[in-house]
Amino acid sequence: MSVRQDTLDQVEEVYQRNQRCIGSFSKKESPELYNMCKHCEIYMGDDHDYSECRDQQCFINWLALEYLDWINGYH
Numbered sequence: 021m022s023v024r025q026d027t028l029d030q031v032e033e034v035y036q037r038n039q040r041c042i043g044s045f046s047k048k049e050s051p052e053l054y055n056m057c058k059h060c061e062i063y064m065g066d067d068h069d070y071s072e073c074r075d076q077q078c079f080i081n082w083l084a085l086e087y088l089d090w091i092n093g094y095h
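Numbering (the working numbering) for the sequence shown: 21 to 95.
Below, the structure written as structure tokens:
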């Protein structure tokens, strides 16, 4: 498996983990995500469905940063 595919799998793992945690994409729990998305033309406010953003590079980058925070939390 390529490094790129490994990275995409890790990003998907974070997305799935956050999907299971109620409120994980909320402004309160993820202010960085909110600040990044609030000016986006597809952002729909507090009830935004982030599944629409899964192919957006900005959202992928945020998930990757979340993955690093998650993994580094174990060190």
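Idealized CB from N, CA, C, for every residue including glycine. None of the values given here were measured: they were computed from a predicted structure.
* **CA-to-CA distance, D67 to I80, given in whole angstroms** => Position 60 of the sequence shown, counted from the start, is the residue given in the question as residue 80. Position 47 of the sequence shown, counted from the start, is the residue given in the question as residue 67. Each residue's Cα considered, the two are about 19 Å apart.
* Counting contacts by CB-CB distance shorter than 9 Å, is R74 in contact with chain E? -> Included in the structure is just one protein chain, with no chain E present.
* Asked: What's the call for C41, buried or exposed, on a 16-neighbour Cβ count within 10 Å?
  -> Here the question's residue 41 lines up with position 21 in the sequence shown. Under this definition C41 is an exposed residue.
* According to DSSP, is F79 helix, strand or coil? -> Here the question's residue 79 lines up with position 59 in the sequence shown. In this structure, DSSP gives F79 a helical state, which the three-state scheme calls helix.
* **Candidates S22, R24, P51 and Q25: closest to E86 by CA position** => Against the sequence shown, residue 86 aligns to sequence position 66. Residue P51 is the option with its Cα nearest to E86.
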